[in-house]
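Notes for the one structure printed next.
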Amino acid sequence: AAVLVQVVRQETDLAGYLVTLSFAIGAGVPMLAIALAGRRVIGKLGFFTSRSELLRKVFGVIIILSVAFIASGVNIGSIQAGEKTETAGSIDTGKLEDALPEPYPAPDFSGIATWINSKPLTMNELRGKVVLVDFWTYSCINCVRTFPYIKSWDEKYRDDGLVIVGVHSPEFEFEKDPGNVKKAVASNGIQYPVALDNNFDTWRNFNNKYWPAHYLIDRDGRVVYTHFGEGKYDVTENNIRYLLGLKGDTEKGKSMPAPYSANQTPETYLGYGRADSYHGVGDISRDQPFYYKFPESMPRDSWALDGKWTVGGEKITSGAPGSSLRLNFAAKKVFLVLG
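For the sequence shown, position 255 matches number 243 in my numbering, and the numbering has no gaps at all.
Right under this line is the structure:
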């Protein structure tokens, strides 16, 4: 996300170049070393050279078995640990779990373009409250999957002194539009304050690097617990209750969405900016109308176009009736960001 933020903010200072260069070196050097070392090892092992035909057959069988296993839809995670259903409020330990070893003063909100569901807030005004800061962006499916839990906490603990602030730091240009964000807030039933951090000023104040990211702040204005990504909802709720001074069992058994399955189709981006999963006939024609055609077959988790489309860096626009988008996916539901 650090490199992505440099791109979103279009930073061209020395720090921005160093971050991007470090990322490129970190990704490229290990791969080069592995390739060179692998070539030398294979060249010295005559055993493999003399039995190359047998090895090809063995690996061919392994590939066929792997494809069959993937096609079966079995979730490896459920085999290893059993399929678990997340529930809101499954623990109450009476202490702060996974607490930061050194709490620090919560950074303030800055550079906020618009506030939704609230007047402008400051950390100083929120002293005496327990505050959960949630960094999100509305096209991020990982963020969307956290909403049932966050909304549940807002409903249950608002009257006890919990204030949730959703800091919307946009990944794409269209997510900077306040109108689009307001629609997303309304459609997702979000009633807590949302701050539009279009220039990533608050993101940088918190030194944040992830969507979603949660920062839990005690009544004295200190960040005492953080969690990045999905999961650990029971721990987060336990810590909210602890800071609020609440004791006893939480509402057990409340149905929540099942955890993300490792073998379902991941988040997919439409546009040439991140078109790794594009699998159409021919290359993408950038930023101009073009007639596309579906391929005869598509690998899983890939997408393709048919008909007239204009493909931009972050979006695709239909240019004629009947134009189609195809996604070869493995999931119960598919969500598409439209704007």
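The beta-carbon is built from N, C-alpha and C at its ideal position, and this holds for glycine as well.
Since we're looking at a predicted model, the values are computed, not measured.
Query, Result
"Is it buried or exposed, residue 228, if we count other Cβ atoms within 10 angstroms and call 16 or more buried?", "buried"
"Could you give the DSSP three-state label for residue 126: helix, strand or coil?", "coil"
"Quick check for students: name the residue ranges of the beta strand (DSSP E) that lie wholly in the stretch 190 to 228, counting only runs of 3 or more.", "201 to 205 and 210 to 216"
"Where DSSP assigns a beta bridge to residue 235, which residues make up the other side?", "Paired residues: none, contrary to the question."
"Buried or exposed: residue 51, going by 16 or more other Cβ atoms within 10 Å of its Cβ?", "exposed"
"Candidates 90, 46 and 132: which alpha carbon is nearest residue 205's?", "90"
"Who are residue 156's beta bridge partners in DSSP?", "124 and 184"
"Expressed to the nearest angstrom, what Euclidean distance is found between the alpha-carbon atoms of residue 321 and residue 207?", "40 Å"
"For a test of the three-state rule: what should DSSP assign to residue 326, helix, strand or coil?", "coil"
"Pick from 264, 292, 319 and 140: whose alpha carbon is nearest that of residue 306?", "292"
"Under 8 Å: do the stretch 146 to 157 and the stretch 110 to 125 share three or more Cβ pairs, one atom per stretch?", "yes"
"From residue 55 to residue 290, what distance separates their C-alpha atoms?", "16 Å"
"Within the same chain, show all residues whose beta-carbon is closer than 8 Å to that of residue 105, passing over the 5 residues directly before and after it, in chain order.", "173, 178, 179, 180, 181 and 182"
"Just to confirm, is the Cβ distance from residue 188 to residue 302 under 8 Å?", "no"
"For residue 402 versus residue 251, is the C-beta distance shorter than 8 Å?", "Here the chain comprises residues numbered -11 to 327, so residue 402 is not present and cannot be evaluated."
"First and last residue of the beta strand (DSSP E) that includes residue 312?", "312 to 315"
"In whole angstroms, give me the CA-to-CA distance for residue 309 and residue 269.", "20 Å"
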